[in-house]
Each structure stands twice: as C-alpha cells, then as structure tokens.
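Enquirer:
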Amino acid sequence: MPFQTLGDFARHLESLGELHRVKTEVDPELEITEIAVRALLEKRPALLFENVKGAKFPLAINLLASERRIELALGKHPDELGEELIHFAEAAMPPKPRLIFDHWPMVKRFLAARPKRGSNALSQQVVAEPQLSHLPIQKCWPEDGGRFITLGQVFTYDPRDGKRNVGMYRMQIYDERTTGMHWQIQKGGGFHYYQAQKLDREFEIAVALGTDPALLLATIAALPEGIDEVMFAGFLRSAAVPMTRGKSISIAVPAHAEFILEGVVPLNETRLEGPFGDHFGHYSHAADFPVFHIKKITHRREAIYPCTVVGKPPMEDKFIGDATQQILGPLARLIHKEIKSVWAYYEAGFHNLLVVSVEQRYQKEAMKSALGLMGTDQLSLTKCIVLVSDHVNVRDWKSVLREIKMNFDPHYDFVMIPKVPLDTLDFTSFKMNLGSKMILDATVKARRGHGESGRTGEREKLENVLARLPREYPALKEARLDDETLMLVKVASEGRKIVESLVKIPELSGLKIIAAVSEDVDLHSQESYIWGVFTRFDAERDVIFSEQSLIGISPIYRGVMGIDATWKPGYPGPLVMPGEIREKVDKRWEEYWR
Numbered sequence: 145m146p147f148q149t150l151g152d153f154a155r156h157l158e159s160l161g162e163l164h165r166v167k168t169e170v171d172p173e174l175e176i177t178e179i180a181v182r183a184l185l186e187k188r189p190a191l192l193f194e195n196v197k198g199a200k201f202p203l204a205i206n207l208l209a210s211e212r213r214i215e216l217a218l219g220k221h222p223d224e225l226g227e228e229l230i231h232f233a234e235a236a237m238p239p240k241p242r243l244i245f246d247h248w249p250m251v252k253r254f255l256a257a258r259p260k261r262g263s264n265a266l267s268q269q270v271v272a273e274p275q276l277s278h279l280p281i282q283k284c285w286p287e288d289g290g291r292f293i294t295l296g297q298v299f300t301y302d303p304r305d306g307k308r309n310v311g312m313y314r315m316q317i318y319d320e321r322t323t324g325m326h327w328q329i330q331k332g333g334g335f336h337y338y339q340a341q342k343l344d345r346e347f348e349i350a351v352a353l354g355t356d357p358a359l360l361l362a363t364i365a366a367l368p369e370g371i372d373e374v375m376f377a378g379f380l381r382s383a384a385v386p387m388t389r390g391k392s393i394s395i396a397v398p399a400h401a402e403f404i405l406e407g408v409v410p411l412n413e414t415r416l417e418g419p420f421g422d423h424f425g426h427y428s429h430a431a432d433f434p435v436f437h438i439k440k441i442t443h444r445r446e447a448i449y450p451c452t453v454v455g456k457p458p459m460e461d462k463f464i465g466d467a468t469q470q471i472l473g474p475l476a477r478l479i480h481k482e483i484k485s486v487w488a489y490y491e492a493g494f495h496n497l498l499v500v501s502v503e504q505r506y507q508k509e510a511m512k513s514a515l516g517l518m519g520t521d522q523l524s525l526t527k528c529i530v531l532v533s534d535h536v537n538v539r540d541w542k543s544v545l546r547e548i549k550m551n552f553d554p555h556y557d558f559v560m561i562p563k564v565p566l567d568t569l570d571f572t573s574f575k576m577n578l579g580s581k582m583i584l585d586a587t588v589k590a591r592r593g594h595g596e597s598g599r600t601g602e603r604e605k606l607e608n609v610l611a612r613l614p615r616e617y618p619a620l621k622e623a624r625l626d627d628e629t630l631m632l633v634k635v636a637s638e639g640r641k642i643v644e645s646l647v648k649i650p651e652l653s654g655l656k657i658i659a660a661v662s663e664d665v666d667l668h669s670q671e672s673y674i675w676g677v678f679t680r681f682d683a684e685r686d687v688i689f690s691e692q693s694l695i696g697i698s699p700i701y702r703g704v705m706g707i708d709a710t711w712k713p714g715y716p717g718p719l720v721m722p723g724e725i726r727e728k729v730d731k732r733w734e735e736y737w738r
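Residue numbering for the sequence shown follows my numbering, starting at 145 and increasing by one per position.
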C-alpha cells in the first residue's frame, strides 16, 4: 500500500528503527544542520525534532537519507523500477495487443497513475492566515541570507494550456507572508512564470510542504518538460495522488500534504535573494528573483514540517538524486538507441559530471550522443561529459579513469563548447547562467583500437617525479596519482602556473590529466577530489594542454590535459560550520539520542 501522508511514512520508518525522535529543544539556526549532517555521515536514522526553538510544529529531516529508506519509500529498489519502466516503454513502441497481458503489472501502474480528486482534504484541516514564524524554518549555513524553506514542492500551471509542473526551489523567508522564489533556468515553474508574464496574467502557485515520498521523489526527478510530476508519482506509488482545489486560489493542490502555502507571484516584482549554501558545496551568490506572496496557509492537524540540508557531498540529495537517475536514466535509450547507460556523479553536484556508455556503431557516434544529451532538458545543464564504451560500468570511477588512460587522445577526442547556458548555481565562469562545457571521448576507436593500460616501470617513474615536486614547487603541498591516469596536486597558490609547468614535464607525458586543487580537498578521498575538481573550473578558461594551437579556426590539442581547479578570487566560499556550533553539538550529542 502506498503511503498517504508524510506522517504515515515517518511512522513506518520509526517502527523499523529508521527514525529517531529528538525531544530536547534544538535551534533551527545552524544547530539542526550540524546534527543532520553528522547523523547522515554516521548512518544514523532519520530525525524528528519535536521541540524546535520558537516554532509550533515538529521538524523532520533525513527522511530519504539512505538507500534503505529510499527503497522503503518506493516499495522496491529504484534500479529494479527503472529496468521495468524501460522494458515496458520499449515493448510499447509500437503498441501491440499482447502488451496488456505481457506487462499487466506495469500497465496497472500506469492506469492507477492519473490524479484523482480527493474527497477528504487532510491538507486543509486547518486554514490559517500566513505566519511563517510558526514553522521551524532553518538557517542552514552561517552566511546564508536568512532562513530558507528547503523542501518546498512548488505547483504551477501553464497559463496557456493548464499543464502542471511540480518543482523544488529554495524559498528565502522575507517576512510572515513573503518569500523568494528561486526559479533557476531550465525549470518548469520558471517557464510557466515566463508565459504568465507574456500574457500579463496573474500567476497563482501553491507550495506543498510534506507530501508522500513518491510525490517528493517525482518532484525532484528530472522529467522531460511537459510530463506531469503528479502522474509520475502515481506511477511510482501504484495509486493516484489525491488533489483538491485550493482555499484561496483556483488551482489544484495535494489533498494529503502536511502544509500548503497558497498565493501569487507578481509578474514584475523581484527582490534580492541569497546567498545560500547549495549542493555544490559552496554559497551561491545573491541575485534578484521573483517574490511569492502567501494568501493562506492550510495544514493537517499535528502536521510535520519537512526539510533537507544541501552542501558539500554527501548529503541527503545524494540518495534522492541517485534514486531518480536509477529510475529515469535507462529512458535515455528510447531517444538514443546507442546509449547503454548514463550516470551523473553526486560528488560533483550531479550536473558537473556525467558519464555515458555508448555502443558505437560508426565513427564518432558517441560524440553525437553527447551533443544530443547536452541539448536535452535537465541534461542540458551538464558541464562535463565523459564517453566510454558499452562494456564499462559508468558508476565505477576507477573504470572510467582506465578508459580515459587507454582511449582518450585530445587531438581527436576533446571538444570544448564556450558561451552556452550553464546551471544557475555554477559560479566558475563568473557569469550567472552562462559558461562552457566539455566532452571527453574515451570510447574504444576502430582506427586506434584499445590503448595500452600502462608501460612497465611507468608507475615507478611517475612516483619518482611526484616525490620531487614539493621541492621544486614551494606552493605545491601534496601530489597523488590515481590509476596512472590522473595526477592530483594540492597547492596553496599559483594553481594555473603550476599546472602549465607540470603538463610540459617529459616524465609526466604518459598521464592524461593533471589537476590542481585547493588545500581543503582530500586527495586520498575520491569523493572529496571529484568534488574539488569538478565544482571549481571553467572549461574555457581553466583547461589547458601540453600543446595547443589553431589551424584556421580549428583548435588543436595535444599531450596532457591540465585543469586549474583551485578556488579563485571571486568564487563564493565553501560551506564551513562555525566552531562554536560544532562544539555545541559535540557537548549535546548524547542528549539528542536519548
């Protein structure tokens, strides 16, 4: 049976030892963040804070912060659901009479998915004037611009045809009845707002806080534009999502949410929003965004306020993001038959690194696939794509590095695309929403075959060079090899200068990539260094090669690729919790778990 409310899911988790109630008073400003992050890293249960300072409702966090809790929410492993979905989709093209009988469980899911009108609107048991201070809304990181709603599911409707979108956008609290609305580029809610502006039509929206977990996952999923998230949630839960008409607005809202914020977004009003500690592990800069004016707040009796924390990975979004791509990733094969699998790395904030395995049927078909993906919905925000052959496990970074070692020749296999749309949260180009992208083709090539995995004695030669580097470069603090493909160097300064020098050292010519990172990156943690490299460079400005030139207007790249992935002046700061908050949580840690 699907969960009807977030409260039902929380109680189910508690019955399995997957949720812990914290009865002592906690502060929504920074303290809850520190507790939640530590709990996740220690693989502890989800948390329900029953006594949040200054608030009238309890707060739930980390509800989906483990693979087991994701599986409990869906009723099965997301990989299994993804394979069932792609097999059904492939069988349905073209439709055949036996489809219903051969795939009845999947057909039944789709038949049950259509939203229905709820007769008992639990989300409207209480109707109140807006008083956001009653909610336990967090300030997550010390330099955040204020308190932010972090798990709001924003319901918008296209003013032209009434098609619905549900998206998740952070919402900064300005006062009791006003918030920001952080509509990034390539987001459905922002597209609907754009159409309302064109038509000069009042734009009503609703924000649900705390829906059943299937609708929450559907909200976050990178569905193609025009696909209804509410219907997709019905597919995930094998039952329709009940909807009802809002109390102060004319649009439909979830009937079983914990809270509904009803209101309007004026067409020509903006306000400074941010900074905010985001999932790239840095603050996103303050900028002007639309404003949400709340008319009414409705909620369940004994409602639970849900929230999440994003920041330097791993955070809860790792588990949510991985689950949604496990379900939807296989669908890439419907458009690109040559694609076997895709995987976006949570360590890089998802959008910064995508690995794609391709069955290459003709020369450079994989490059065609990459360019196609870079023009497809949310994948259009991808900064770096690495292409590998269809036998490679795209989720195994070590395997990907080996393919780069054996098959990547920058003269033939590197493409940089400048001055294109980029994730709003990406700060590396210093221009919001604009930047550059790159593609590395590490597939096996018929003309070249499969390259060598490494020459005898090469590792020893490279280690000897590594040992002398700190003496030759005073700013270089540490160096490390990963699979004789990638050299990582930790530097205190002069990242660009050091990289330019290293790529020209003859003894390092057998490497494929040399990347300089800042001192806050752990070279011995794959998770840390993927984050440190892929969130801190702009391909157009920060990537170089041993040799680079122009023939006509065609760029020529040869030799070792160098990446200056150091933190640079003008970048927002990485997220760090103040020492006094860490000490406070240290002292109270046992108290939280009584």
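Note that beta-carbon positions come from the ideal geometry of N, C-alpha and C, so glycine has one too.
Fair warning: this is a prediction, and the values are worked out from it, not measured in the lab.
By the DSSP assignment, the alpha helix (DSSP H) with tryptophan 675 in it spans what residues?
Expert: Run containing tryptophan 675: 670 to 678, per the alpha helix (DSSP H) assignment.
Enquirer: Which residues mark the beginning and the end of the alpha helix (DSSP H) in which tryptophan 733 is found?
Expert: Its alpha helix (DSSP H) spans residues 723 to 736.
Enquirer: Where does proline 718 fall in DSSP's three states?
Expert: Residue state, collapsed to three classes: strand.
Enquirer: May I ask which residues mark the beginning and end of the beta strand (DSSP E) holding serine 580?
Expert: Segment 578 to 585, the beta strand (DSSP E) holding serine 580.
Enquirer: Which of the three DSSP states, helix, strand or coil, is assigned to methionine 312?
Expert: It is a strand residue.
Enquirer: Please name the residue in Pro718, Glu186, Leu192 whose C-alpha comes closest to that of cysteine 451.
Expert: Residue Leu192 is the option with its Cα nearest to cysteine 451.
Enquirer: For valine 270, count neighbouring Cβ atoms within 10 angstroms of its own Cβ and tell me buried if that reaches 16, exposed if not.
Expert: Valine 270 comes out exposed.
Enquirer: Closer than 7 Å by C-beta to proline 259: which residues in its own chain qualify, once you throw out the five before and the five after it? Chain order, please.
Expert: Answer for proline 259: Val374, Met375, Gly378, Ala384, Val385, Met387, listed in chain order.
Enquirer: Considering only the alpha carbon of each residue, which of Val538, Cys528, Lys575, Leu584 lies closest to asparagine 551?
Expert: Closest by alpha carbon: Leu584.
Enquirer: Helix, strand or coil for lysine 656, going by three-state DSSP, please let me know.
Expert: Correct three-state label for lysine 656: coil.
Enquirer: Using CA coordinates, which residue listed in Ile438, Leu667, Asp288, Ala399 is at the minimum distance from leucine 276?
Expert: Looking at the Cα atoms, Ile438 is the closest of the given residues.
Enquirer: Which residue wins for smallest C-alpha separation from glutamine 316, given the options Arg308, Val310, Met325?
Expert: Closest by alpha carbon: Met325.
Enquirer: Confirm, please, whether the CB-CB distance from aspartate 708 to alanine 660 is below 7 Å.
Expert: Contact: yes.
Enquirer: In chain order, what residues of the same chain lie with their CB nearer than 7 Å to the CB of proline 543, ignoring the 5 residues before and after it?
Expert: A quick correction: the sequence has serine, not proline, at residue 543. Only Val536, Asn537 meet the Cβ criterion.
Enquirer: Going along the chain, which unbroken runs of the beta strand (DSSP E) with 3 or more residues stay wholly within the stretch 356 to 393?
Expert: Runs of the beta strand (DSSP E) inside the stretch 356 to 393: 386 to 389.
Enquirer: Evaluate the contact criterion for the stretch 447 to 465 versus the stretch 211 to 225: three or more CB pairs, one atom per stretch, below 8 Å.
Expert: In short, these stretches touch, since the Cβ pair count reaches three.
Enquirer: How many Å lie between lysine 512 and alanine 476 at the Cα?
Expert: Using only the alpha carbons, I get a separation of about 14 Å.
Enquirer: Can you list, in chain order, the stretches of the beta strand (DSSP E) that have 3 or more residues and sit fully within the stretch 524 to 548?
Expert: Segments of the beta strand (DSSP E) lying fully in the stretch 524 to 548: 528 to 533.
Enquirer: Spatial neighbours of valine 559 within its chain, please: C-beta separation below 6 Å, excluding the five flanking residues on both sides.
Expert: Hits under 6 Å: Ile583.
Enquirer: Terminal residues of the continuous beta strand (DSSP E) containing histidine 443?
Expert: 431 to 443 is the extent of the beta strand (DSSP E) around histidine 443.
Enquirer: Could you say which of Ala209, Ile529, Asp664 lies nearest to leucine 498 if we only look at CA atoms?
Expert: Residue Ile529 is the option with its Cα nearest to leucine 498.
Enquirer: Give me the Cα-Cα distance between isoleucine 395 and lysine 307, rounded to the nearest whole angstrom.
Expert: Cα to Cα, the separation comes out at about 11 Å.
Enquirer: Helix, strand or coil for phenylalanine 558 per DSSP?
Expert: In this structure, phenylalanine 558 counts as strand in the three-state DSSP scheme.
Enquirer: May I ask which residues mark the beginning and end of the alpha helix (DSSP H) holding phenylalanine 335?
Expert: Taken as a continuous stretch (DSSP letters only), the alpha helix (DSSP H) holding phenylalanine 335 covers 332 to 343.
Enquirer: Does phenylalanine 574 pass the burial test, meaning 16 or more other C-beta atoms within 10 Å, or should it be called exposed?
Expert: Answer is exposed; the Cβ neighbour count stays below 16.
Enquirer: Check the DSSP bridge columns for alanine 492 and list the partner residues they point to.
Expert: DSSP output for alanine 492 lists no bridge partner at all.
Enquirer: So, helix, strand or coil for aspartate 119, using DSSP?
Expert: Given that the chain is displayed from residue 145 to residue 738, the structure contains no residue 119 and the question cannot be resolved.
Enquirer: Would tyrosine 736 pass as a contact of valine 166 if the rule is Cβ separation under 7 Å?
Expert: The answer is yes: Cβ separation under 7 Å.
Enquirer: Please say whether lysine 484 and aspartate 534 have beta carbons closer to each other than 7 Å?
Expert: In contact: aspartate 534 and lysine 484 (Cβ atoms closer than 7 Å).
Enquirer: Would you call the CB atoms of glutamate 169 and lysine 197 closer than 7 Å?
Expert: A contact, by the Cβ cut-off of 7 Å.
Enquirer: Would you mind stating whether leucine 531 and histidine 495 have Cβ atoms separated by less than 7 Å?
Expert: Cβ atoms of leucine 531 and histidine 495: not closer than 7 Å.
Enquirer: Can the beta-carbon of leucine 606 be found less than 7 Å from the beta-carbon of glycine 425?
Expert: Cβ atoms of leucine 606 and glycine 425: not closer than 7 Å.
Enquirer: How far does the alpha helix (DSSP H) with methionine 325 in it reach, from first residue to last?
Expert: Unbroken run through methionine 325: none, as it is neither H nor E.
Enquirer: Just to check my reading of the structure: leucine 184 and proline 458 have Cβ atoms closer than 8 Å, yes? What is that Cβ distance to the nearest angstrom?
Expert: Going by Cβ atoms, the distance from leucine 184 to proline 458 rounds to 7 Å, so yes, they are a contact pair.
Enquirer: What do you get for leucine 694, buried or exposed, if any count of 16 or more other CB atoms within 10 angstroms of its CB means buried?
Expert: Answer is exposed; the Cβ neighbour count stays below 16.
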